[in-house]
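In the numbering used here, the protein residues as written are 1133 to 1441.
As structure tokens, the structure follows; a few thoughts come after it.
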Amino acid sequence: MRISSSTLYQSGVNNMSNLQASLVQINTQIDNQKRVVTPADDPVAAARIQLLETSNGQNSQYQKNTQSVDSWLSLSDTTLKSAIDLMNSMKSQAIYAGNGALSTVQLQQIQKTVGEGINELAGYANATDGNGSYLFSGNQVTTAPFSVNLSAVPPVATYNGDNGQRSVQVAASRTMTISDPGNAVFGIPGGSPTAAFDSLINLYNLLGQNPKPANYDTQVQGAINQITSATQQMSVSLASVGSREAENANLQSMSSSLGLQYNSSIGNLQDLDMAKAISEFTMTQTSLQYTQKTYAQVAQLSLFNYISS
1133 MRISSSTLYQ SGVNNMSNLQ ASLVQINTQI DNQKRVVTPA DDPVAAARIQ
1183 LLETSNGQNS QYQKNTQSVD SWLSLSDTTL KSAIDLMNSM KSQAIYAGNG
1233 ALSTVQLQQI QKTVGEGINE LAGYANATDG NGSYLFSGNQ VTTAPFSVNL
1283 SAVPPVATYN GDNGQRSVQV AASRTMTISD PGNAVFGIPG GSPTAAFDSL
1333 INLYNLLGQN PKPANYDTQV QGAINQITSA TQQMSVSLAS VGSREAENAN
1383 LQSMSSSLGL QYNSSIGNLQ DLDMAKAISE FTMTQTSLQY TQKTYAQVAQ
1433 LSLFNYISS
């Protein structure tokens, strides 16, 4: 079988081209420290890597969202615990005020303490996330949810937020509610959006009356009951926050584990065996050099070489 010179030359050129392409590919893989740099390196693996990276990106976003949820719920938790402690302290003041032996001056001193408690409660109810967004104003995050005017006659508390609840996507099929409107946290017992404030304001007004009304004891007991009911409502809200905190912590753990799995799967498909790659690079480079030398020698062969010899 005869092989023409053009076929021989073309075969040599093709071999060198293929080796050069392989050399470039391996060199690119080494530079990027990746086995799959372009889809052409491994189309099936490249498609799989793309899907995994997309899923991993979504999971990373959910992780960030759970961190934001954790921060918001943690602030709500701390604030509500402080507010509940304050309400219990105010209840103790109310019980003490029921002592019939107290003088008018002593009752006025208690009234002053209750007034300070009302202002402190307003501080908790108007707490923010540190960036200016109010925790308990519903969707009106730039509006302070509660305003209190003890100088008014009678003193009054007003809710300025709405009934909205903000939610965040924390998983592919889970949206977490991160906020509770103030009228559901500091209100409701008697149907008022400011029930917690009303209970303290009623006690404040009662302690300021001189002389004491004939049904003073009954009114004090009424104030105690109102404070108790308002505190219980706040405790219900705190329990709800705590439940969401626990769920969010579980979601964070699951998201972290899922992220590790995604990265491991991507690594298995994409990571480059450097020792193997360098070995292949050296072997391919050597093969190219020999092929180039062989081609040069073959290219010099001619019938005239044999005639002249």
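Note that the Cβ used here is the ideal one computed from N, Cα and C, for glycine as well.
All figures in this text were calculated on a predicted structure; none of them were measured in a lab.
* To do: Rounded to whole angstroms, what's the CA-CA distance from P1277 to Q1182? Just pull it up for me.
  => The sequence position of residue 1277 within the sequence shown is 145, counting from 1. The sequence position of residue 1182 within the sequence shown is 50, counting from 1. For the pair P1277 and Q1182, the Cα-to-Cα distance works out to about 46 Å.
* Asked: Are A1257 and F1268 close, meaning C-beta to C-beta below 8 Å?
  -> Taking the first residue of the sequence shown as position 1, residue 1257 is located at position 125. Taking the first residue of the sequence shown as position 1, residue 1268 is located at position 136. Going by C-beta atoms, A1257 is nearer than 8 Å to F1268.
* Asked: Whose CA, out of N1337, S1305, V1273, D1330, lies closest to the CA of Q1241?
  -> For the purposes of this step, residue 1241 is taken as residue 109 along the sequence shown, with counting starting at 1. Of N1337, S1305, V1273, D1330, the residue nearest in Cα terms is N1337.
* To do: Quick one: grab the DSSP three-state call for N1295.
  => Walking along the sequence shown from the start, residue 1295 turns up at place 163. In this structure, N1295 counts as coil in the three-state DSSP scheme.
* To do: Go ahead and pull the three-state DSSP assignment for F1278.
  => On the sequence shown, position 146 is the one that residue 1278 refers to. Looking at F1278 - three-state DSSP - the assignment turns out to be strand.
* Would the beta-carbon of M1177 fall within 8 Å of that of L1401? -> Here residue 1177 corresponds to residue number 45 of the sequence shown, with the count starting at 1. Here residue 1401 corresponds to residue number 269 of the sequence shown, with the count starting at 1. According to the sequence displayed, residue 1177 carries Ala and not Met. Yes, these two residues count as a Cβ contact at 8 Å.
* Asked: Are the Cβ atoms of G1319 and T1326 separated by less than 8 Å?
  -> The residue labelled residue 1319 in the question sits at position 187 within the sequence shown. The residue labelled residue 1326 in the question sits at position 194 within the sequence shown. Cβ atoms of G1319 and T1326: closer than 8 Å.
* Asked: When the Cα of A1289 is compared with those of N1271, I1250, A1304, which residue comes out closest?
  -> What you label residue 1289 is simply residue 157 of the sequence shown in a count that begins at 1. Looking at N1271, I1250, A1304, the one whose alpha-carbon comes closest to that of A1289 is I1250.
* Exposed or buried, which one is T1198 when buried takes at least 16 other CB atoms within 10 Å? -> The sequence position of residue 1198 within the sequence shown is 66, counting from 1. Per the 10 Å Cβ criterion, buried.
* Please look up how many angstroms separate the CB atoms of S1369 and D1312, rounded, as I've assumed it's under 8 Å. => Here residue 1369 refers to the residue found at position 237 when the sequence shown is read from its first residue. Here residue 1312 refers to the residue found at position 180 when the sequence shown is read from its first residue. The beta-carbon separation of S1369 and D1312, rounded to 6 Å, stays under the 8 Å limit for a contact.
* Which class does T1170 belong to by DSSP, given the choice of helix, strand or coil? -> For the purposes of this step, residue 1170 is taken as the residue at position 38 of the sequence shown. In the structure shown, T1170 sits in coil (DSSP, three-state: anything other than H, G, I, E or B).
* Asked: Under the criterion of a Cβ to heavy atom distance below 7 Å, does R1180 qualify as lining the ligand FMN?
  -> Of the ligands one can find in the structure shown there are none, so the ligand FMN has no counterpart to examine.
* Within its chain, find whatever has a CB closer than 6 Å to the CB of E1377; leave out the 5 residues flanking it on each side and keep chain order. => Here residue 1377 refers to the residue found at position 245 of the sequence shown. Correct list, in chain order: L1205.
* Asked: G1296 to N1271, Cα distance in whole Å?
  -> By one-based count along the sequence shown, residue 1296 stands at place 164. By one-based count along the sequence shown, residue 1271 stands at place 139. Distance between the alpha carbons of G1296 and N1271: 5 Å.
* Asked: Quick one, which of A1172, L1184, R1298, M1222 has its alpha-carbon nearest S1331's?
  -> Indexing the sequence shown from 1 puts residue 1331 at position 199. Comparing alpha-carbon positions, the option among A1172, L1184, R1298, M1222 lying closest to S1331 turns out to be M1222.
* List the DSSP bridge partners of A1316. => Taking the sequence shown and counting its residues from 1, one reaches residue 1316 at position 184. DSSP lists no partner for A1316.
* Grab me the residues of G1354's own chain with a C-beta within less than 8 Å of its C-beta, minus the 5 sequence neighbours each way, in chain order. => On the sequence shown, residue 1354 is found 222 positions in, with the first residue counted as 1. Residues of the same chain with a CB within less than 8 Å of the CB of G1354, apart from the 5 flanking positions on each side, are N1334 in chain order.
* Leaving out the 5 sequence neighbours to the left and right, which residues in its chain are closer than 8 Å to G1230 when beta-carbon positions are compared? -> Residue 1230 sits at position 98 when you count from the first residue of the sequence shown. Listed in chain order, the non-local C-beta contacts of G1230 below 8 Å within the same chain comprise D1349, V1352, Q1353, I1356, local neighbours out to five positions each way being set aside.
* Rounded C-alpha distance that separates Q1193 from N1395 -> Working through the sequence shown from its first residue, we reach residue 1193 at position 61. Working through the sequence shown from its first residue, we reach residue 1395 at position 263. Approximately 15 Å between the Cα atoms of the pair.
* If you scan the segment 1212-1272 from start to end, which runs of the alpha helix (DSSP H) of 4 or more residues do you find wholly inside it? -> Qualifying alpha helix (DSSP H) stretches, in chain order: 1236-1257.
* To do: Whole angstroms is fine: what's the gap from L1282's alpha carbon to D1294's?
  => Reading the sequence shown from its first residue, position 150 is the one you call residue 1282. Reading the sequence shown from its first residue, position 162 is the one you call residue 1294. Taking the CA atoms as reference points, L1282 sits about 23 Å from D1294.
* Asked: What residues in its chain sit with their C-beta under 6 Å from that of A1328, if we drop five residues either side in the sequence?
  -> The residue given as residue 1328 occupies position 196 in the sequence shown. Contacts found: F1318, A1362.
* To do: Grab the span of the alpha helix (DSSP H) containing T1326 for me, first residue to last.
  => Here residue 1326 refers to the residue found at position 194 of the sequence shown. Careful: T1326 lies outside any alpha helix (DSSP H) and carries neither H nor E.
* Got a sec? Which residues, its chain only, sit under 7 Å from S1367 by beta carbon, not counting five neighbours each side? -> As a first step, residue 1367 must be located in the sequence shown, where it is residue number 235. So the qualifying residues of the chain are I1216.
* Asked: Since L1463 contacts S1397 with CB under 8 Å, what's their CB separation in whole angstroms?
  -> Any question about residue 1463 goes unanswered here, given that the chain covers just 1133 to 1441.
* With distances taken from CA atoms, which of Y1291, S1372, Q1195 is nearest S1385? -> Translated into the one-based positions of the sequence shown, residue 1385 becomes position 253. With distances taken between Cα atoms, S1385 lies closest to Q1195.
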